[in-house]
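Trainee: Each residue of the sequence shown is one higher than the one before, starting from 6 at the first, in this note's numbering. By construction, the Cβ of each residue, glycine as well, lies at the ideal position given by its N, Cα and C atoms. Here the structure is a predicted model, which is why all the values come from computation and not from measurement.
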Amino acid sequence: MHAVFPLILLPLIVLSGCSKSDDLYEALPNSSLAGAARDDVSETRLEAGIVRPVTIGEDGPQLDACGGMGQVMRAGTKGLAVRAAPFAQAKEQGMLAEGARVYVCTRSLDQKWLGVVVPPGPAADNAAEPVDCDVTSPVDRKQAYDGPCVSGWVASAYVRLIAG
Numbered sequence: 006m007h008a009v010f011p012l013i014l015l016p017l018i019v020l021s022g023c024s025k026s027d028d029l030y031e032a033l034p035n036s037s038l039a040g041a042a043r044d045d046v047s048e049t050r051l052e053a054g055i056v057r058p059v060t061i062g063e064d065g066p067q068l069d070a071c072g073g074m075g076q077v078m079r080a081g082t083k084g085l086a087v088r089a090a091p092f093a094q095a096k097e098q099g100m101l102a103e104g105a106r107v108y109v110c111t112r113s114l115d116q117k118w119l120g121v122v123v124p125p126g127p128a129a130d131n132a133a134e135p136v137d138c139d140v141t142s143p144v145d146r147k148q149a150y151d152g153p154c155v156s157g158w159v160a161s162a163y164v165r166l167i168a169g
């Protein structure tokens with residue numbers, strides 16, 4: 006009798022774990038199982054809003070906030086996109102022309118992206134003081150860049166390290 010009782014309960018336990026699975030699929034807005042074709046709902050829709058700030062101070066409190074200077078090369082006529090996060094679908098923050106210089110502050114884990122701070126170009130009349138991006142002196146700790154210059158991520162293949 007004791008062996009029969011667990012056999013009777015086993016099907017009931019298994020059936021109680023079943024539920025209406027349609028609810029789960031409806032909650033997944035980018036799932037083809039939810040009735041939305043992959044072409045209709047772009048994967049990058051979610052990713053385009055992601056922002057990853059450039060980190061400065063990674064070399065410690067004795068060294069400059071950004072440890073290197075780079076120059077854009079092989080960017081072509083379109084230029085090199087500065088993005089909000091280290092991936093190609095991230096929002097474009099600006100464009101860099103061939104030969105433009107950037108402060109190199111960090112890298113992505115896969116080394117394909119550089120976190121950079123872009124110094125503004127020289128003033129047309131040379132009368133204005135150049136803007137200091139606040140990355141050429143040490144900072145006390147590693148932190149997100151929050152200075153006066155544009156910062157973002159560029160493909161590392163198009164930046165040649167020239168100092169640092």
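Which residue marks the beginning of the beta strand (DSSP E) containing Tyr108, and which one marks its end?
Mentor: Arg106 to Arg112
Trainee: Helix, strand or coil: how does DSSP classify Val162 here?
Mentor: Before going on, a small fix: residue 162 reads as Ala here, not Val. DSSP places Ala162 within a helical segment (H, G or I) once states are collapsed to three.
Trainee: Just curious, the beta strand (DSSP E) that Gln98 is in, first and last residue?
Mentor: From DSSP, the beta strand (DSSP E) with Gln98 extends over Glu97 to Leu101.
Trainee: By Cβ distance below 8 Å, which residues in the same chain neighbour Val122 in space, the five residues on each side in sequence not counted?
Mentor: Val59, Ile61, Cys71, Val107, Tyr108, Cys110, Cys138, Val140, Tyr150, Gly152, Cys154, Val155 and Ser156
Trainee: Quick one, are the C-beta atoms of Met100 and Ile167 less than 7 Å apart?
Mentor: no
Trainee: Can you tell me the Cα-Cα spacing of Leu85 and Pro124, whole angstroms?
Mentor: In a straight line, the C-alpha of Leu85 is about 15 Å away from that of Pro124.
Trainee: Pick helix, strand or coil for Thr49, following the three-state DSSP scheme.
Mentor: Legend: pLDDT at Thr49 = 49, less than 50; position of this residue unreliable, no value from coordinates given.
Trainee: Where do the N-terminal and C-terminal ends of the beta strand (DSSP E) with Leu85 fall, by residue?
Mentor: Leu85 to Arg88
Trainee: When the Cα of Ala90 is compared with those of Leu119, Gln67 and Asp64, which residue comes out closest?
Mentor: Leu119
Trainee: Pull up the distance between the alpha-carbon of Arg88 and that of Arg57, whole angstroms please.
Mentor: One C-alpha to the other measures close to 9 Å.
Trainee: Does Ser156 come out as helix, strand or coil in the three-state DSSP assignment?
Mentor: strand
Trainee: Since Ser142 and Asp69 should fall inside the 8 Å C-beta cutoff, what is the C-beta to C-beta distance between them, to a whole number of angstroms?
Mentor: 6 Å
Trainee: From which residue to which residue does the beta strand (DSSP E) around Gly65 run?
Mentor: Boundaries for Gly65: no beta strand (DSSP E) harbours it, and the DSSP string shows neither H nor E there.
Trainee: The beta strand (DSSP E) spanning Gly75 covers which residue range?
Mentor: Gly73 to Val77
Trainee: Who pairs with Ala168 in a beta bridge, going by DSSP?
Mentor: Answer by DSSP bridge pairing, in chain order: Met74.
Trainee: Glu103: which of Arg79, Val136, Lys147 and Ile55 sits nearest, CA to CA?
Mentor: Shortest Cα-Cα distance from Glu103 to any of Arg79, Val136, Lys147 and Ile55 involves Arg79.
Trainee: CB-CB under 6 Å to Ile55, same chain, minus the five flanking residues each way: which ones, in chain order?
Mentor: Ala90
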